[in-house]
Amino acid sequence: QKEVEQNSGPLSVPEGAIASLNCTYSDRGSQSFFWYRQYSGKSPELIMFIYSNGDKEDGRFTAQLNKASQYVSLLIRDSQPSDSATYLCAVGGNNDMRFGAGTRLTVKP
Amino acid sequence: KAGVTQTPRYLIKTRGQQVTLSCSPISGHRSVSWYQQTPGQGLQFLFEYFSETQRNKGNFPGRFSGRQFSNSRSEMNVSTLELGDSALYLCASSYLTSGGGQETQYFGPGTRLLVL
């Protein structure tokens with residue numbers, strides 16, 4: 019079992035829809051959770067981080083964390099074509115950061 | 084603040100050669116992590132340095148090594164290059180609190196290595 023799992027996609031949504039990206043992790047001691055966006059040929063850039071159970075909203079983005087279920091998600095409201103990218107889930111422990119393989123999102127005009 | 088910088092941005096080497104990549108973290112960041120990214124494997128953790136000490140290491144052969152200097156700049160070295168080492172090598176820096184845990188990592192633009 020991989021330590022951080024994501025659906026590889028591709029996930030395709032129409033412009034204006036809600037995109038839902040999911041991530042599960044295996045280490046119950048994980049303390050911090052991050053979502054990165056990576057455009058083709060570019061390096062990952064941070065979208066959001068979340069440390070506590072519940073929801074955290076930032077503009078069109080909402081991160082949701084459920085430590086009991088070892089599950090973290092990212093919702094993108096009013097999806098735009100510019101949101102088309104690979105989204106990486108990252109889980110931080112005491113001394114390291116583990117990344118999922120990423121979900122490729124395509125937003126169609 | 085200036086972001087994470089990596090040099091060189093592109094590199095072409097031949098099998099058997101060795102290569103050194105450099106990373107300068109964001110000012111004030113003392114943790115530097117290195118990753119290898121390939122289309123098939125995604126982001127693979129290589130190692131992390133904090134205050135000139137390697138704190139954690141991924142599952143890579145000994146041909147991959149690194150070090151960190153007193154100014155937090157880091158280098159990674161790959162010896163005896165193989166075709167499979169062709170990848171994007173990413174460096175990320177973070178500010179670790181004294182309480183431990185992983186703070187946000189900020190990535191550099193990467194070094195794209197091609198081994199022929």
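Residue numbers (the numbering used here), protein chains in the order written: chain Y, 19 to 127; chain U, 84 to 199.
Cβ coordinates follow ideal geometry from the N, Cα and C atoms, glycine included.
Measure the alpha-carbon distance for Ala35 (chain Y) versus Cys41 (chain Y) and round it to whole angstroms.
Rounded to the nearest whole angstrom, the C-alpha separation of Ala35 (chain Y) and Cys41 (chain Y) is 20 angstroms.
Under 7 angstroms between C-beta atoms, does Leu126 (chain U) make it to chain Y?
Yes, contact with chain Y.
Just checking, does the segment 160-177 of chain U make contact with the segment 96-109 of chain U on the three C-beta pairs under 8 angstroms criterion?
They touch, by the three-pair rule.
C-beta neighbour in chain Y for Pro108 (chain U), strict 7 angstroms
Not one chain Y Cβ lies under 7 angstroms of Pro108 (chain U).
Between the alpha carbons of Ser70 (chain Y) and Ala86 (chain Y), how many angstroms are there, rounded?
In a straight line, the C-alpha of Ser70 (chain Y) is about 11 angstroms away from that of Ala86 (chain Y).
Assign Pro127 (chain Y) to one of two classes, buried (16 or more other C-beta atoms within 10 Å of its C-beta) or exposed (fewer than that).
Counting other Cβ atoms within 10 Å of its Cβ, Pro127 (chain Y) stays below 16 and is therefore classed as exposed.
Within 10 Å of its beta-carbon, does Ala49 (chain U) have 16 or more other beta-carbons around it, so buried, or fewer, so exposed?
This structure does not reach residue 49 (chain U), given that chain U is present from 84 up to 199, and the question cannot be answered.
So with Cβ pairs under 7 angstroms, would you call Ser181 (chain U) a contact of chain Y?
With a pLDDT of 48 at Ser181 (chain U), under the threshold of 50, the predicted position of this residue should be treated as unreliable, and no value is reported.
Cβ atoms of Val109 (chain Y) and Tyr54 (chain Y): under 7 angstroms apart, would you say?
When the beta-carbon positions are compared, Tyr54 (chain Y) and Val109 (chain Y) stay at least 7 angstroms from each other.
Please report the straight-line C-alpha distance between Gly182 (chain U) and Gln49 (chain Y), rounded to a whole angstrom.
In this predicted model, Gly182 (chain U) has a pLDDT of only 48, less than 50, meaning its place in the structure is not dependable enough to derive any value.
Should Pro61 (chain Y) and Gly141 (chain U) be called a contact, given that it needs their Cβ atoms to be closer than 7 angstroms?
Note on residue identity: the sequence assigns Ser, not Pro, to residue 61 (chain Y). No.
If distances are taken between C-alpha atoms only, which option among Y:Ser58, Y:Glu23, Y:Gly47 and Y:Val22 comes closest to Leu123 (chain Y)?
If we check each option's Cα against that of Leu123 (chain Y), Y:Ser58 comes out closest.
Measure from the C-beta of Pro142 (chain U) to each C-beta in chain Y and report whether the shortest distance is under 7 angstroms.
Checking the sequence, you will find Asn at residue 142 (chain U) rather than Pro. Residue-level contact check: Asn142 (chain U) does not touch chain Y, since none of the beta carbons of chain Y fall below 7 angstroms from its beta carbon.
For Pro32 (chain Y), name the three-state secondary structure that DSSP assigns.
Three-state DSSP puts Pro32 (chain Y) in a strand.
Counting only the same chain and skipping the five closest in sequence on each side, list residues whose C-beta sits under 8 angstroms from that of Gly149 (chain U).
Closer than 8 angstroms at the Cβ level, and outside the excluded window around Gly149 (chain U), lie Trp117, Leu129, Phe130, Tyr132, Gln137, Ser157, Glu158, Met159 and Asn160.
Positions along the segment 111-124 of chain Y whose CB lies within less than 9 angstroms of some CB in chain U
Of all residues in the segment 111-124 of chain Y, those with a C-beta nearer than 9 angstroms to a C-beta of chain U are Gly111, Asn112, Asn113, Asp114, Met115, Arg116, Phe117, Gly118, Ala119 and Gly120, reading in chain order.
Does the Cβ of Gln98 (chain Y) have 16 or more other Cβ atoms within 10 Å, making it buried, or fewer, making it exposed?
Exposed, by the Cβ-count rule.
So which residues of chain U does Leu64 (chain Y) contact, with C-beta pairs closer than 9 angstroms?
The answer, in chain order, is Thr187, Gln188, Tyr189 and Phe190.
Give me whichever residues DSSP pairs with Leu93 (chain Y) in a beta bridge.
For Leu93 (chain Y), which the question treats as bridged, DSSP gives the partners Y:Ser38 and Y:Thr80.
Counted within 10 angstroms of its Cβ, other Cβ atoms place Ala85 (chain U) as buried (16 or more) or exposed
It is exposed - the Cβ of Ala85 (chain U) has fewer than 16 other Cβ atoms within 10 Å.
Between Y:Phe79, Y:Asp45 and Y:Gln24, which lies nearest to Met115 (chain Y) when the distance is taken from Cα to Cα?
Comparing Cα positions, the closest option is Y:Asp45.
Given a cut-off of 7 angstroms on the beta-carbon distance, is the pair Leu173 (chain U) and Thr97 (chain U) in contact?
A distance of 7 angstroms or more separates the beta carbons of Leu173 (chain U) and Thr97 (chain U).
Does any residue of chain Y have a CB that is nearer than 7 angstroms to the CB of Leu196 (chain U)?
It does not: the Cβ of Leu196 (chain U) has no partner Cβ on chain Y nearer than 7 angstroms.
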